[in-house]
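A.B. asks: Submitted below is the structure of interest, expressed as structure tokens.
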Amino acid sequence: MNSTNLGYIAGAIALLALTLALLALLSVRSMKKNYSVLQGAGSEVDFVTAVARQVEVVNGLRTDVTNLRKDLTVTQAELKDAIRHVAVTRYDAFSDQGGRMSFSVAFLDDVSDGIVITSINGRTEGRTYIKGVKGGQSIGSELSPEEVQAIGMAQKGQIA
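Here the sequence shown is numbered in this note's numbering, starting from 2 and rising by one per residue.
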């Protein structure tokens with residue numbers, strides 16, 4: 002190998018080294034630009050701070066959802082005891098009077114506990130009765146067919 006060939010090889014290696022150095026410089030500039038975007042160059046909040054704030058918000062929302070689930074469970078348990086099933090049956094208690102002036106109304110919770118109110122109305126007088134209901138059955142007194150019908154309709158969610 003002569004010195005001319007060695008000069009060409011050295012020049013080629015130097016050119017290759019220069020090209021690689023330029024590519025490395027461009028790569029470093031690109032990385033600096035991306036890094037400055039992440040660090041918020043020219044703005045008040047950088048990306049890392051914004052992400053940290055959002056993580057705090059999400060954690061707060063998770064806590065809120067957990068608390069709401071607990072509240073919902075309590076509310077559902079309380080609603081089981083609430084009077085939510087109501088039905089009315091109107092009828093003629095006396096054959097000589099029309100207009101279905103008498104009625105029975107059942108007020109029940111989710112397990113069919115509650116009361117049934119019956120009002121029997123005639124031409125000259127009216128009477129009202131209240132009977133306790135446990136599990137859809139009367140507590141201590143016999144139910145009339147109209148009261149049984151009102152309880153059944155309330156249990157099925159029917160409205161007369």
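Beta carbons: idealized from backbone N, C-alpha and C, even for Gly.
Could you check if Ala51 is buried or exposed, using at least 16 other CB atoms within 10 Å of its CB as the buried criterion?
C.D. replies: exposed
A.B. asks: Which two residues bound the contiguous beta strand (DSSP E) that contains Ile84?
C.D. replies: That residue, Ile84, is in no beta strand (DSSP E); it is neither H nor E in DSSP.
A.B. asks: Spatial neighbours of Phe108 within its chain, please: C-beta separation below 8 Å, excluding the five flanking residues on both sides.
C.D. replies: Ile84, His86, Val87, Gly115, Ile116, Val117, Ile118 and Ala155.
A.B. asks: Check whether the Cβ atoms of Ala94 and Ile131 sit closer than 8 Å, and answer yes or no.
C.D. replies: no
A.B. asks: Buried or exposed: which applies to Ala151, given that a residue is buried once 16 or more other Cβ atoms fall within 10 Å of its Cβ?
C.D. replies: buried
A.B. asks: Phe104 and Thr125 look like a contact to me (Cβ under 8 Å); what is the Cβ gap, rounded to whole Å?
C.D. replies: Their Cβ separation, rounded to whole angstroms, is 18 Å, which puts Phe104 and Thr125 out of contact at 8 Å.
A.B. asks: Within the continuous beta strand (DSSP E) that includes Val149, where are the two ends?
C.D. replies: Unbroken run through Val149 is the alpha helix (DSSP H), Pro146 to Lys157; no beta strand (DSSP E).
A.B. asks: Using the three-state DSSP reduction, which class does Ser37 fall into: helix, strand or coil?
C.D. replies: helix
A.B. asks: Any idea which residues DSSP pairs Arg91 with across the strands?
C.D. replies: For Arg91, which the question treats as bridged, DSSP gives the partners Phe104.
A.B. asks: Determine, using beta carbons only, whether Asp47 and Lys81 come nearer to each other than 8 Å.
C.D. replies: Not in contact: Asp47 and Lys81 (Cβ atoms no closer than 8 Å).
A.B. asks: Closer than 6 Å by C-beta to Lys135: which residues in its own chain qualify, once you throw out the five before and the five after it? Chain order, please.
C.D. replies: Asp114
A.B. asks: Helix, strand or coil: how does DSSP classify Val58 here?
C.D. replies: Helix at Val58.
A.B. asks: Looking at the structure shown, is Val112 part of a helix, part of a strand, or coil, going by DSSP?
C.D. replies: coil
A.B. asks: On the three-state DSSP scale, how would you describe Gly133?
C.D. replies: strand
A.B. asks: Taking just the CA atoms, how far does Gln159 sit from Ser142?
C.D. replies: 24 Å
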